[in-house]
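Everything in the sequence shown is counted per my numbering, starting at 1 for the first residue and increasing by one.
Note sheet for the following structure.
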Amino acid sequence: MPELPEVESARRNLVHWLDGRRVVRAEADASRVFRGARPEDFASLRGRLKSLERRGKYLLFTFEKGRGLLAHLGMTGRFVRRPEGVPVPYSRARLHLDSGSVIHYADSRLFGRLEPCDASRLYELEAVKALGRDPLVDGLNAEQLQEALGSSRQDLKVALMDQGRVTGLGNIHAAEALFRAGLHPARKPASLTPEEWERLADAIHASLAFGLEEQQGEEPAYLEEGAENRFLVYGRAGTACARCGTPVESFTQGGRTTHCCPQCQPPHPGRKPSDARRKRASHRR
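Written as structure tokens, this is what we have:
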């Protein structure tokens with residue numbers, strides 16, 4: 001599922017594609033990406049883009065004449081640009097530009113969401129109001145992270161993925177951040193020390209920065225099937241940890257598969273890797 005880096009990359013591409021351009025025609029097919037909205041209202045998105053903001057995994061478009069659009073990519077949604085007349089598989093909605101290009105919203109499994117509405121209502125939509133702190137838009141330091149997660153009784157990784165607490169993190173970057181911070185996904189937030197909150201906040205920013213770097217370009221492919229796995233721990237169950245050589249483990253947590261290194265991410269507070277493991281990790285780095 002697209003996470004904050006993928007959605008931010010989509011936002012930047014869309015801003016670039018729409019800069020100085022006018023939408024001369026908008027059209028949409030009837031599909032469940034418009035659940036809660038009418039596809040015919042998509043046709044009202046004309047003129048120039050005034051702003052395009054991101055909150056967590058949501059995109060908020062504002063066009064001329066006060067028209068707005070809320071977009072969520074779901075699991076397989078994406079925006080692509082093609083010349084007029086070039087078909088795009090699974091295209092569900094299209095913005096035709098005065099340049100002769102067409103921006104398609106393509107979604108094979110229809111888990112995404114498009115909701116045209118008055119631009120003045122975008123931040124009043126329940127989906128947006130329910131979002132927690134955005135690490136890039138709002139900033140996120142150790143104190144803010146502890147304030148957002150500290151009261152949760154959920155496992156740490158599950159709490160990180162709660163969009164009402166911290167928005168934008170999904171299964172991938174929650175796992176990657178915890179690995180970078182050396183924290184076990186099943187730890188409880190209340191067990192973290194001030195130093196561990198600092199490590200986790202830094203690790204979240206590092207993981208998101210990595211994701212944004214990998215997402216450069218109009219159609220990045222690093223999450224597509226068959227692409228090289230460039231993550232540190234996500235999707236690496238059974239392979240040697242890049243830091244210490246211990247086999248990476250996986251287990252189900254909150255209905256999702258979690259990946260972690262049992263040596264680099266000790267399950268109990270205060271437990272440290274053995275001297276032998278630390279030496280091996282230092283050698284590998």
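For every residue, glycine included, the Cβ atom is placed at its ideal position computed from N, Cα and C.
About 12 angstroms separates the beta carbons of P185 and C264, which is beyond the 8 angstroms limit, so they are not a contact pair.
Inside the segment 78-132, DSSP marks whole alpha helix (DSSP H) runs of 4 or more residues at positions 126-129, from first to last along the chain. Nearest Cα to A177 within the set G68, A130, R92, V233: V233. Around the C-beta of R55, 16 or more other C-beta atoms lie within 10 Å, and the residue is accordingly described as buried. F179 and S108 have their alpha carbons spaced roughly 32 angstroms apart. Residue pairing from DSSP places H72 in a beta bridge opposite Y58, R113. No Cβ-Cβ contact shorter than 7 angstroms links Q163 with E6. The C-beta distance from K129 to L156 rounds to 25 angstroms, too long to meet the 8 angstroms contact threshold.
The alpha carbon of M75 has as its nearest neighbour, out of L110, V23, E213, the alpha carbon of L110. Excluding its 5 nearest sequence neighbours in each direction, S191 has C-beta neighbours in its own chain below 8 angstroms: P269, listed in chain order. Taking 7 angstroms as the cut-off, the beta carbon of V88 is found closer than this to the beta carbon of H104. Burial of A203 is indicated by the presence of at least 16 other C-beta atoms within 10 angstroms of its C-beta.
The continuous alpha helix (DSSP H) containing V158 extends over residues 156-160.
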